[in-house]
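Numbering (the numbering used here), first residue to last: 1 to 464. A short write-up of the structure that comes next.
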Amino acid sequence: MAHVVGIDRSIFKAYDIRGIVDRALTHSAVGSIGAALGSLASENGVKCLAVGRDGRLSGPALRDALIEGIVSTGADVIDIGMVPTPVLYFATHDLKTGSGVSITGSHNPPEYNGLKMMMAGATLHGDGIQALRQRIEENRIIVAQRRGQSRAVDVVPAYLDTITADVKLARPMKIAIDCGNGVAGAVAPELYRRLGCDVVELFTEVDGTFPNHHPDPAHPENLQDLIRCLGETDAEIGLAFDGDGDRLGVVTKDGQIIYPDRQIMLFAADVLAHNPGSEIIFDVKCTRLLAPWIRQHGGRATMWRTGHSLIKAKLKETNAPFAGEMSGHLFFNDRWPGFDDGLYAGARLLELVSRHADPSAVLNGLPAAINTPELQLKTAEGENFSLVERLKAEGEFAGAQEIITIDGVRVEYADGFGLARPSNTTPTVVMRFEGDDMAALERIQRSFGAQILKIKPDALLPFA
1 MAHVVGIDRS IFKAYDIRGI VDRALTHSAV GSIGAALGSL ASENGVKCLA
51 VGRDGRLSGP ALRDALIEGI VSTGADVIDI GMVPTPVLYF ATHDLKTGSG
101 VSITGSHNPP EYNGLKMMMA GATLHGDGIQ ALRQRIEENR IIVAQRRGQS
151 RAVDVVPAYL DTITADVKLA RPMKIAIDCG NGVAGAVAPE LYRRLGCDVV
201 ELFTEVDGTF PNHHPDPAHP ENLQDLIRCL GETDAEIGLA FDGDGDRLGV
251 VTKDGQIIYP DRQIMLFAAD VLAHNPGSEI IFDVKCTRLL APWIRQHGGR
301 ATMWRTGHSL IKAKLKETNA PFAGEMSGHL FFNDRWPGFD DGLYAGARLL
351 ELVSRHADPS AVLNGLPAAI NTPELQLKTA EGENFSLVER LKAEGEFAGA
401 QEIITIDGVR VEYADGFGLA RPSNTTPTVV MRFEGDDMAA LERIQRSFGA
451 QILKIKPDAL LPFA
């Protein structure tokens, strides 16, 4: 297979490959990426890759292009069909390929699609993704004399059996699930019923046009249907999933959203009860109440850089039993193989709260502070990185207890924190603020705002 001379560099992101189908992410580009992955597989001694796709309309044609690229290099493919991304990760373990590709646009709009890639047991990210692009541009592609073979395997039964053998609820529960018409809807209802739940289904029909709401539980507006359902039915708790099922959203009976940094508290306490003294990893966007909670439960708290690939790499390096990030990627590495899986995380949550008569009281009782959602300061392409670098070098934060610079600038105060980090996926600076009270939160915002305006006087701050 010849490489694509004009492949669009913009599709090669920090954590995955992603773009608008037929514009940046063309079928020929995906074929070339398949050939590059097959060539990389050959160099790593990998003979077979698993391939799955989400429910987007562009998925089948992109799958065909990807598989054609891979088999042209002599590597074999196991096509596991339309499945959540975590089922693809599971397949790389269950089928012992260690390598695979999920064709998914995750929570992006319907016209997008992309590729999340594993090779020889590691998730490709950062330099690894750029090396793939370079390989295509330099035409370092194997053209095999013997083409690889492609065969179809249904791994969903093994996935469901593995979870239901591991997770046990203390009592039957009635739950509501909102899949946002994403691919989680193909698996989630059966999983939770097999665990003993009475399931109220919202938008579980897989529909790549996402006709009801955007499949992204990180934003409160996408959880309103679930909140309404909990108010109108006798369901005890609500679970929501993103477009490819690797992130979890949680809503209580009284309509409170339990954001992932508080979910991490619940999971950390349980994991540490079985793995005392262990390390728990979380990203820079999480509440400052999390580290003391982890220490209080006998664990070691490690703050790390945002990004599911980066957290996964840190997890592999440390062999910590659990990690999580504010976006909703949750990584169990105790009774599960350490990959982010919203469906499995939902099962583990139900296992814990089923021990209580009032699950919502348990969740609402987790420590909470006053904080903002993710706020985004829009910049020109690339300017987000230079702005944050200058903020690191020139920012003056009076009264700061600690300034953490592993990923942007996180300033810790006695009564709150402020964060500014460059997004790796869009030309924005992601900001988040927390305070013991509104006065503290607003003071920290003003401090950050003043420092940013010193560097960029025309910045349109995402807060008053």
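Note that beta-carbon positions come from the ideal geometry of N, C-alpha and C, so glycine has one too. Every value quoted in this text rests on a predicted model; they were computed, and no experiment measured them.
Between the CA atoms of G255 and I227 - distance to the nearest angstrom: Looking at the two C-alpha atoms, the distance is approximately 5 angstroms.
Given 8 angstroms as the limit, is there contact between the segment 162-175 and the segment 339-352, that is, 3 or more CB pairs closer than that? Segment contact: the segment 162-175 against the segment 339-352, three or more CB-CB distances shorter than 8 angstroms; contact assigned.
By a C-beta neighbour count over all protein chains shown, 10 Å radius and 16 as the cutoff for buried, is T123 buried or exposed? Taking all protein chains shown into account, T123 has 16 or more neighbouring C-beta atoms within 10 Å of its C-beta and is therefore buried.
How do the segment 192-206 and the segment 166-184 stand: do at least 3 beta-carbon pairs fall below 8 angstroms, yes or no? The segment 192-206 and the segment 166-184 touch, with no fewer than 3 CB-CB distances between them shorter than 8 angstroms.
Taking C-beta to C-beta, are L248 and G328 nearer than 7 angstroms? Contact check for L248 against G328 passes: the beta carbons are separated by less than 7 angstroms.
Terminal residues of the beta strand (DSSP E) in which P292 lies: Judged by DSSP secondary structure, P292 falls outside any beta strand (DSSP E) and instead within the alpha helix (DSSP H) spanning 290-296.
Under the three-state DSSP convention, the category I7 falls into: When secondary structure is reduced to three states using DSSP, I7 falls in the coil class, being assigned neither helix nor strand.
Only counting runs of 3 or more residues, tell me where the beta strand (DSSP E) segments fall wholly within the segment 105-191, in order along the chain. Counting only runs of 3+ residues, the beta strand (DSSP E) found wholly inside the segment 105-191 occupies 112-119, 150-152, 173-178, in chain order.
Taking the Cβ atom as the reference point for each residue, do V153 and I80 lie within a distance shorter than 7 angstroms? Closer than 7 angstroms, so yes.
Close-in-space but distant-in-sequence residues of the same chain around R335 (CB under 7 angstroms, 5 per side omitted): Only D166 meet the Cβ criterion.
Determine the DSSP secondary structure at S102, reduced to helix, strand or coil. If DSSP states are grouped into helix, strand and coil, S102 belongs with the strands.
Here's the rule: buried if 16 or more other CB atoms are within 10 angstroms of the residue's CB, otherwise exposed. What is P86? P86 is buried by the Cβ-count criterion.
Judging by CA-CA distance, which residue of L230, G277, I311 is the nearest neighbour of H297? For the set L230, G277, I311, the Cα lying nearest the Cα of H297 is the one of G277.
Would you decide whether R421 is buried or exposed? Buried here means 16 or more other CB atoms lie within 10 Å of its CB. Answer is buried; the Cβ neighbour count reaches 16.
Cβ-based neighbour list, R355, same chain, cut-off 7 angstroms, excluding 5 preceding and 5 following: Scanning its chain for C-beta atoms nearer than 7 angstroms, with the 5 sequence neighbours on each side dropped, one finds around R355 the residues A170, in chain order.
With the cut-off set at 7 angstroms, would you say N384 and T318 are in Cβ contact? Taking 7 angstroms as the Cβ cut-off, N384 and T318 do not qualify as a contacting pair.
Below 7 angstroms between beta carbons: does that hold for I70 and G34? Cβ atoms of I70 and G34: closer than 7 angstroms.
Using the Cα positions of F339 and K314, report the straight-line distance between them to the nearest angstrom. Taken atom to atom, the span from the alpha-carbon of F339 to that of K314 is near 12 angstroms.
Can you tell me where the beta strand (DSSP E) with A323 in it begins and where it stops? Annotation: the continuous beta strand (DSSP E) that includes A323 extends over 322-324.
Residue environment, S10, which counts as buried when at least 16 other CB atoms sit within 10 Å: Within a 10 Å sphere around the beta-carbon of S10 sit fewer than 16 other beta-carbons, which makes this residue exposed.
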